[in-house]
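Here the sequence shown is numbered in my numbering, starting from 9 and rising by one per residue.
Built from N, CA and C at the ideal position, the CB exists for glycine as well.
To start, the structure under review is shown below, and the notes come after it.
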Amino acid sequence: MKRITLILLCLISLSAWAQDEIDSVALRQKWLLDTIAFTNRQIKTTEGQISEVQQLHSGKIKKCSGNVYYSVPNLLSMHFTNNDKIILSGDKIYFDHGMFHGTYSNRHKLMRGIKSILLYAFQGKCQQLADECDFNLSVKEEKNEYVVTLISKKKVLLGFNHIVLHYSTNFKLKKFEYTASNGDHSIYNLTNLKYDQKINQDVFKFD
Numbered sequence: 009m010k011r012i013t014l015i016l017l018c019l020i021s022l023s024a025w026a027q028d029e030i031d032s033v034a035l036r037q038k039w040l041l042d043t044i045a046f047t048n049r050q051i052k053t054t055e056g057q058i059s060e061v062q063q064l065h066s067g068k069i070k071k072c073s074g075n076v077y078y079s080v081p082n083l084l085s086m087h088f089t090n091n092d093k094i095i096l097s098g099d100k101i102y103f104d105h106g107m108f109h110g111t112y113s114n115r116h117k118l119m120r121g122i123k124s125i126l127l128y129a130f131q132g133k134c135q136q137l138a139d140e141c142d143f144n145l146s147v148k149e150e151k152n153e154y155v156v157t158l159i160s161k162k163k164v165l166l167g168f169n170h171i172v173l174h175y176s177t178n179f180k181l182k183k184f185e186y187t188a189s190n191g192d193h194s195i196y197n198l199t200n201l202k203y204d205q206k207i208n209q210d211v212f213k214f215d
């Protein structure tokens, strides 16, 4: 009887320890997400260089590079050296890159998804991105960065099923990547970033 009681006490202790570990991890993840959001909420403008690698589901790889600009509240543009552009301005999305060419509204599901990924990544709104797009979210600490992973809760027919956001140890965005429902995988690296400097608003304009 004493042996059974001892075993039960050990099991209860192990269960309590495991729950404490789970709670500790959850609190740490919440703190990281809150800190990422707070840090990026203080940033008014960002500009720097961007490089893109697209790994198409066909096996073909495309590369390009250029400049990226972000300004509160919801302005973002990418100007690539091959003259391609992606510009987010208000409820309009100008896309002249890859297979898309034209001006789109928020009614276009795929473009709305791209807009949410780009803006929320720069704004540090990881939890909001997960909530609005119905993703499971996790965050972990790796060497020299914090990695936020978002995976769709359901099968995606048109859009994105996997997003990874990389934030540096100062909680600022340095890399992001996403996988489309057709298997295309895009990776963007940000370098030489400058913050809170005046940006010529012409970079956010399109015809």
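Leaving out the 5 sequence neighbours to the left and right, which residues in its chain are closer than 7 Å to residue i when beta-carbon positions are compared?
i: Asp99; result: Ser113 and Asn114
i: Glu29; result: Here Glu29 scores only 46 on pLDDT, less than 50, and its place in the model should not be relied on; the value that follows carries that caveat. There are no such residues.
i: Gly74; result: Ile58, Met86, His87, Phe88 and Thr89
i: Leu41; result: Cys134, Gln135 and Val147
i: Lys202; result: Glu55 and Gly56
i: Gln27; result: Confidence in Gln27 is poor, its pLDDT being 48 and thus under 50, which makes the residue's placement unreliable; the coordinate value appears in the next sentence. Closer than 7 Å at the Cβ level, and outside the excluded window around Gln27, lies no residue.
Please check if any C-beta of chain D sits within less than 8 Å of the C-beta of residue i.
i: Phe212; result: In the structure shown, chain D cannot be found, because there is only a single protein chain.
Within a Cβ cutoff of 6 Å, which residues of the same chain sit near residue i, ignoring the five residues on either side of it in sequence?
i: Lys182; result: His174, Ser176 and Leu198
i: Gln131; result: Asn48
i: Val164; result: Ser189
i: Lys70; result: Gln62
i: Leu64; result: Asp192
i: Asp104; result: Asp92 and Lys93
i: Cys72; result: Glu60, Phe88 and Asn90
i: Ile122; result: none
i: Phe168; result: Gly121, Tyr186 and Ala188
i: Phe184; result: Ala129, Leu173 and Tyr196
i: Thr43; result: Phe179
Please list, in chain order, all residues of the same chain as residue i whose beta carbon is under 8 Å from its beta carbon, the five residues on each side excluded.
i: Asp204; result: Ile51, Lys52 and Thr53
i: Ile207; result: Thr53, Glu55, Tyr77 and Ser79
i: Ser124; result: Leu137, Glu140 and Cys141
i: His109; result: Phe103
i: Asp210; result: none
i: Asn152; result: Ser176 and Thr177
i: His116; result: Ile101
Assuming residue i and residue j form a contact by the criterion Cβ under 8 Å, report the distance between their Cβ atoms to the nearest whole angstrom.
i: Tyr128; j: Leu137; result: 4 Å
i: Phe212; j: Ser66; result: No, Phe212 and Ser66 are not in contact; Cβ-Cβ is about 33 Å, not under 8 Å.
Beta carbon of residue i, beta carbon of residue j: below 8 Å?
i: Ile195; j: Val61; result: yes
i: Tyr78; j: Phe214; result: no
i: Val155; j: Lys162; result: no
i: Asn144; j: Ile159; result: yes
i: Leu84; j: Leu35; result: no
Quick check: is any heavy atom of the ligand SAH less than 7 Å from the C-beta of residue i?
i: Ser160; result: The ligand content of the structure shown is nil, which means the ligand SAH is not present either.
> In the region 110-167, which residue ranges form an unbroken beta strand (DSSP E) of at least 3 residues, counting only runs that do not cross its ends?
Replying inline: Taken in chain order, the complete beta strand (DSSP E) segments of 3 residues or longer contained in the region 110-167 are 143-150 and 153-160.
> What alpha helix (DSSP H) runs, 4 residues minimum, are completely inside the region 35-112?
Replying inline: none
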